[in-house]
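Only one structure is covered here, and it is reproduced in the block below.
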Amino acid sequence: MTSVQQLRANWNYPTAVKVGAGRISELPGLCSTLGMSNPLLVTDPGLASASIVLEAVDSCRSTGLGCDIFSGIKSNPTGKNVDDGVQAYRAGRHDGVIAFGGGSALDAGKAIALMVGQDRPLWDFEDVGDNYLRVNVAGMAPVVAVPTTAGTGSEVGRASVITDEEVHVKRIIFHARMLPAAVILDPVLTVGLPKKLTAATGMDALSHNLEAYCSPFYHPMAAGIALEGIRLVKEWLPKAVADGGDLDARLNMLVASSMGATAFQRGLGAMHALAHPLGALYDAHHGMLNAVLMPYVLNANREAIEDRIAALTRYLNLSQPSFASFLDWVLAIRNDIGIPHTLAALGIDTSRSELVARMAVEDGSSATNPISFSRAQYAAILENAVSGLL
Ligand SMILES: [Fe+2]
């Protein structure tokens, strides 16, 4: 079997990706290569004083780079968080961004790097129509992305999800150049992640690969990536949760996460269409929401995806390949890694189901769900997921 020492590679697709244990040591060199002399490291508040961040800052400074930390971001980053980050960037005369942390830090860092060069407000760049044409590309700052969780895949994504606090809506800010110029996938940085977060973020990676795989959009390259991404999650997520120090499992989950975000250029679906409003309204963890919603959404999509899922189960080597065996596998892995079966267990009830259903229909992810669900259908999925009815 390949050991983690051998799992070391440089990939140039979908961007420059440095893969392997200990490769965080290459951070200062990557910053310099991208023309940075004074990067701003954007991270989650919980990581700002952690050794992995302090060591990264020290390593940059020891090679002559300036480097400050900005960590004023919420777990669902807001427009104000991005504005504050832009101010910190300008005040410190920075010339690039190191986005370091979980999905929140990566999304916030990418949005800050976009906004340092714009005169328009953030929401003018929401992923609607051709808003991306408004971006002053020359003003954008370069980004090195360093994920410390394996789920969001934001390090290889071209968008950031930012919460508009005034209306409690998560908006997608998009520009193709928001794809970080360089990425470090170092499994050593993820060993400290607690079991519950390892499980929830890993299920987010699964949901990206799975929704991309089921999307009706014509993009066979992305479908192929999604298929292998799902296989990696099946093989490695239970191991990463069982033993957080298993570097092989940690590295393969980082790769599966990057694959999920690469694959979802093909689109997402109803899991995300529901997880986005639920995250905005209840401030619940995004990966955990997708993990809980997964079997209910699969069931609702069944007639449109049955053949495709049966093909997936043959690739996954499940016994008795079929939609039913895949659903059984999803329920089993959720159970094994400690994901609750209902949204009720996350403190979500049906009192706002009409609002959630309306927001789900309007969410960009609903457009690539295999079935174009109505408000009533989204409300029914939500009610099933609250009560546990499959
Ligand atoms: Fe997600």
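Quick note: the sequence shown uses this note's numbering, first residue 797, plus one each step.
From the three backbone atoms N, C-alpha and C, an ideal C-beta is built for every residue, glycine too.
- Distances between the C-beta of aspartate 923 and the heavy atoms of ligand 1 are all 6 Å or more.
- Taken through DSSP and simplified to helix, strand or coil, arginine 804 comes out as coil.
- At a Cβ-Cβ threshold of 7 Å, glutamine 1061 and alanine 1001 do not count as neighbours.
- In the three-state reduction of the DSSP assignment, arginine 954 falls in the coil class.
- Taken from the Cβ of aspartate 1124, every heavy atom of ligand 1 lies 6 Å or farther away.
- Between the alpha carbons of isoleucine 1144 and leucine 850 lies a distance of about 37 Å.
- Going by DSSP, aspartate 1124 is part of the alpha helix (DSSP H) stretching over 1119–1132.
- Distance check between alanine 1156 and each of Ser1147, Phe1169 and Thr1146 places Phe1169 closest, using alpha-carbon atoms only.
- Between the C-alpha atoms of glycine 949 and glutamate 1150 there is a straight-line separation of about 30 Å.
- Judged by beta-carbon spacing, alanine 1100 lies beyond the 7 Å limit of isoleucine 1177, meaning their Cβ atoms are not closer than that value.
- With 16 or more other Cβ atoms inside 10 Å of its own Cβ, serine 1054 counts as buried.
- Taking all protein chains shown into account, asparagine 1097 has 16 or more neighbouring C-beta atoms within 10 Å of its C-beta and is therefore buried.
- Burial is judged here by how many other beta carbons sit within 10 angstroms of a residue's own beta carbon; arginine 804 has fewer than 16 and is exposed.
- When rounded, the separation of the alpha-carbon atoms in arginine 1154 and serine 828 is 47 Å.
- In the three-state DSSP reduction, proline 943 falls in the strand class (E or B).
- When DSSP states are grouped into helix, strand and coil, lysine 966 belongs to the strand group.
- Here the distance from the Cβ of aspartate 1159 to the nearest heavy atom of ligand 1 is not below 6 Å.
- By the 16-neighbour rule on beta-carbons within 10 angstroms, tyrosine 1009 is buried.
- Proline 835 and glycine 1083 have their C-alpha atoms roughly 29 Å apart.
- Secondary structure of glutamate 1150 (DSSP, three-state): helix.
- If you check the C-beta of aspartate 1000 against ligand 1, you find a heavy atom less than 6 Å away.
- A direct Cα-Cα distance of roughly 17 Å separates isoleucine 1129 from arginine 1046.
- Under the 10 Å beta carbon count, alanine 1141 is surrounded by fewer than 16 other beta carbons and is classified as exposed.
- Counting C-beta atoms within 10 angstroms of its own C-beta, glutamate 951 has 16 or more neighbours from the protein chains shown and is therefore classed as buried.
- Put simply, the backbone Cα of leucine 823 is about 32 Å away from that of aspartate 960.
- Rounded to whole angstroms, glycine 818 and isoleucine 848 show a C-alpha spacing of 11 Å.
- When the alpha-carbon of glycine 1184 is set against those of Thr1164, Gly898 and Leu1089, the nearest one is in Leu1089.
- A Cβ-Cβ contact shorter than 7 Å links alanine 1181 with tyrosine 1092.
- Its chain contains Thr811, Ala812, Val813, Lys814, Val940, Ala941, Val942, Pro943, Glu951, Val952 and Ser1054 as the residues whose beta carbon lies nearer than 8 Å to that of valine 979, once the 5 sequence neighbours on both sides are disregarded; these appear in chain order.
- DSSP places leucine 1108 in no beta strand (DSSP E) but in the uninterrupted alpha helix (DSSP H) bounded by 1098–1111.
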